[in-house]
Amino acid sequence: MKAMKPLHLESLVIHGGDAQQDPHGALVSPLYQTSTFVFPDAETGGRRFAGEEAGYIYSRLGNPTVNLLEQRVAALEGMEAGAAAATGMGAVAAATMAFLKAGDHVIASDCIYGCSFALFSHLFERFGVKVSFVDLSDSKAFAAAFRANTKLVFLETPANPHLKLIDLSSVGEICARHPDVRLIVDNTFMTPLLQRPGDFGAHLVVHSATKYLNGHGDVVAGVITGSQEDIHLIKMTTLKDMGATMSPHDAWLITRGLKTLALRMQRHCESATVVADFLVKHPAIEKVYFPGLNDHPGHELIGTQMKSAGAVIAFELRGGYQAGVQLLNRLNMIRVAVSLGDAESLIQHPASMTHSPLTPEAREQAGITDGLIRISVGLEQVDDIIADLSQSLSQLKHSTASANGASVSEVAQV
Ligand SMILES: *Cc1c(COP(=O)(O)O)cnc(C)c1O
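So for the sequence shown, my numbering puts the first residue at 38; every next one is plus one.
The structure is reproduced here in C-alpha cells:
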C-alpha cells in the first residue's frame, strides 16, 4: 500500500489492525471457529511452542479472529497491542493480577464498577494484596496514597453511581513520578472514540466490550490494550493460565459491532444531551448527574480529556424508592435492565435492583439513594425516549404524595 496519512478513529473502527489476507478474498474476515490448529509437521509444532516461529497453536493461546479484534481495539486506543478476555471482569482481573504478588499495594479510585471493587477488596485481600480506595479527584490525597510497594493505580472515568470524573492528565502526571507503577484505566463508559487514556499516561486500558464496543447486547466480553511487553505478559500468564479468553464467535460479533461505533457514539451522545435537558427540567426529579451539565464536577474536562459527555445519565427522583419502582414499571419502550451501551435504552433502579441486597444504610454509604435511577440512552429516535420517560414520570405525581412520610423500610416492603 502507498504511504498515507494515519486513518481517523472513524475509519480505524472499520480498518484498524492488520486485516487477514483471506485466500478467497472475503471482504469480512472469516470466523475461525476452531479450538486447535494443525501443525504441518512435528518440528513446526515444536518451534511454535518454543516461541521460535509465529503461528497458531490452540485458541486459548491465540486465534486469528480474536487477534484481529485485539489489534483493532489497540489501534483505536493508540496502544501497541491488545488482549481479548471472556468478559470485562476477565479483562480487569487479567490486567491487574499479571502485575501483582502477595505483599503488593494497589491504589484504586473510590468509584469503580461493583465487581472490580469486590475483586480488589475481597479476593486481593485473600492473596495478600492491599488496596487503598482513594478519591482520585483529590490530587493531594492521591499523591499521599503511594507506598514503597505500590504497583498499580486503577480508575474509571466517568464512573457510577454519579458519573464521577477524574482528571486523567493530573493522575498521569502524579503516576509518572513513580516509574514502577502502572496506571490502568477502565474506559468502558467512554470508548476510545470519546477518550483515550493512553494519551494521558495510562499504561493499560481495559474495556467491558459487552457495552459500547460491541453495542448490540448479544455478547459478554472484555479487551485490554497496552504495550507489546505488558500485553505479552498478560497473555502468557493470567489469560493463558486462568483461561478467561474470548471465544472466536464473540470476537467476530464485536468486530462487526465496532464498524458502527463512531456512528453509534455520535447518536448516543446527541440523544443523551437532549434527554438530560429534559430530565433537568422535570418537576419529579431532584437532581441529574451527567458530565454534560455545566454544574457537573469536572465538566471542564469535556473538550480536553473527553470529546463528549457520553450517554449514561443518573438522576434522583423526589419520590424515593417507590417512585423508582413505579417509574420503571410504567415504561413502555425503554427496557428495564442493567448494562449499558446497547441500541436499546436501558434503565435501572439500583435500590430495588443491583443494590437491593444491601441495607439502606450501606446503600447510602455507597451513594445509592432510594430514588436514584440510571439510564443508558440508546439509539432510538430521541423523541420516543423522552415521550416514554415523560408518560411514566407524569404518573408519579400522585404516588409521590402517598409515599411521603413512609419510612424507607416500610416502602421497601411494598
Ligand atoms: C460492565 C462493566 C464491567 C464488567 O464487564 P463484564 O463484561 O460485565 O464482565 C467493568 N467495568 C465497567 C465500567 C462496566 O460497566
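All C-beta atoms, glycine included, are put in the ideal place defined by N, C-alpha and C. Nothing here was measured: the structure is a model prediction, and the numbers come from that model.
Problem - Reduced DSSP category for Ser308 - H, G, I as helix; E, B as strand; rest coil - result: Residue 308 sits at position 271 when you count from the first residue of the sequence shown. Three-state DSSP puts Ser308 in a helix.
Practice task
Decide if the stretch 275-289 is in contact with the stretch 93-111; the criterion is three or more beta carbon pairs, one per stretch, under 8 Å apart.
Solution key: yes
Practice task
Using 10 angstroms around the beta-carbon of Phe161, count the other beta-carbons present and answer buried if the total reaches 16, otherwise exposed.
Solution key: As a working note, residue 161 is residue 124 in the sequence shown. Buried.
Exercise for the section: Enumerate in chain order the residues of its own chain whose CB-to-CB distance from Phe170 is below 6 Å, with the five nearest sequence positions on each side excluded. Expected result: On the sequence shown, residue 170 is found 133 positions in, with the first residue counted as 1. Cβ within range, chain order: Ala145, Asp147.
Exercise for the section: Count the C-beta pairs between the stretch 339-348 and the stretch 357-373 that are closer than 8 Å, then say yes if the count reaches three, no if not. Expected result: no
Exercise for the section: Report the option in Phe327, Lys188, Asp175, Ile322 whose CA atom is closest to the CA atom of Ala313. Expected result: Along the sequence shown, read from residue 1 onward, the residue named residue 313 stands at position 276. Of the listed residues, the one whose Cα sits closest to Ala313 is Phe327.
Practice task
Can you tell me which of the three DSSP states Tyr358 falls into?
Solution key: Taking the first residue of the sequence shown as position 1, residue 358 is located at position 321. Helix at Tyr358.
Problem - Alpha-carbon spacing of Met390 relative to Leu330, whole angstroms - result: In the sequence shown, counting from the first residue as 1, residue 390 sits at position 353. In the sequence shown, counting from the first residue as 1, residue 330 sits at position 293. Rounded to the nearest angstrom, the two C-alpha atoms are 27 Å apart.
Problem - Cβ shell of Ser483 (< 6 Å), same chain only, five flanking positions each side left out - result: No answer is possible for residue 483: the residues shown for the chain start at 38 and end at 451.
Problem - Pair within 8 Å by beta-carbon distance, Gly259 and Ala123 - result: Here residue 259 corresponds to residue number 222 of the sequence shown, with the count starting at 1. Here residue 123 corresponds to residue number 86 of the sequence shown, with the count starting at 1. Yes; because the gap between Cβ atoms is below 8 Å, this pair is in contact.
Practice task
Kindly indicate which three-state DSSP category His159 falls into: helix, strand or coil?
Solution key: Counted from its first residue, the sequence shown places residue 159 at position 122. Correct three-state label for His159: helix.
Exercise for the section: Output yes or no for whether 8 Å exceeds the beta carbon distance between Ala132 and Ile51. Expected result: Position 95 of the sequence shown, counted from the start, is the residue given in the question as residue 132. Position 14 of the sequence shown, counted from the start, is the residue given in the question as residue 51. Not in contact: Ala132 and Ile51 (Cβ atoms no closer than 8 Å).
Exercise for the section: Since I believe Ile203 is in contact with Leu241 (beta carbons under 8 Å), could you give me their beta-carbon distance rounded to a whole number of angstroms? Expected result: Indexing the sequence shown from 1 puts residue 241 at position 204. Indexing the sequence shown from 1 puts residue 203 at position 166. About 16 Å separates the two Cβ atoms, so there is no contact after all.
Practice task
Confirm the yes/no value for this check: CB of Tyr150, any heavy atom of ligand 1, distance under 7 Å.
Solution key: As a working mapping, residue 150 is identified with position 113 in the sequence shown. Within the cutoff, so yes.
Practice task
Could you check which residue in Gly408, Pro67, Ala112, Ser427 has the C-alpha nearest to that of Arg367?
Solution key: Residue numbering aside, residue 367 sits at position 330 when the sequence shown is read from its first letter. Closest by alpha carbon: Ser427.
Handout entry: Start and end residues, beta strand (DSSP E) containing Lys468
Key = Outside the shown range of the chain, which is 38 to 451, sits residue 468, and nothing can be said about it.
Practice task
Give me the Cα-Cα distance between Val243 and Ile322, rounded to the nearest whole angstrom.
Solution key: Within the sequence shown, residue 243 is the residue found at index 206, counting from 1. Within the sequence shown, residue 322 is the residue found at index 285, counting from 1. So the alpha carbons of these two residues sit roughly 34 Å apart.
Handout entry: Environment of Asp420 [buried if 16+ CB atoms lie within 10 Å]
Key = Here residue 420 corresponds to residue number 383 of the sequence shown, with the count starting at 1. Flag for Asp420 reads exposed.
Handout entry: heavy atom of ligand 1 below 7 Å from Lys167 C-beta
Key = As a first step, residue 167 is located in the sequence shown; it is residue number 130 there, counting from the start. No, Cβ of Lys167 sits at least 7 Å from all heavy atoms of ligand 1.
Practice task
Answer yes or no: the CB of Phe191 versus the heavy atoms of ligand 2, is any distance below 7 Å?
Solution key: Ligands in the displayed structure: ligand 1; ligand 2 is not one of them.
Practice task
Can you have a look at Glu114 and say buried or exposed, based on whether 16 or more other CB atoms are within 10 angstroms of its CB?
Solution key: Here residue 114 refers to the residue found at position 77 when the sequence shown is read from its first residue. Buried is the call here.
Practice task
Measure the alpha-carbon distance for Ala346 versus Cys306 and round it to whole angstroms.
Solution key: As a working mapping, residue 346 is identified with position 309 in the sequence shown. As a working mapping, residue 306 is identified with position 269 in the sequence shown. Answer to the nearest angstrom: the Cα atoms are 7 Å apart.
Exercise for the section: Please specify which runs of the alpha helix (DSSP H), each continuous and at least 4 residues long, are wholly inside the stretch 212-290, giving them in chain order. Expected result: 228-231, 265-271
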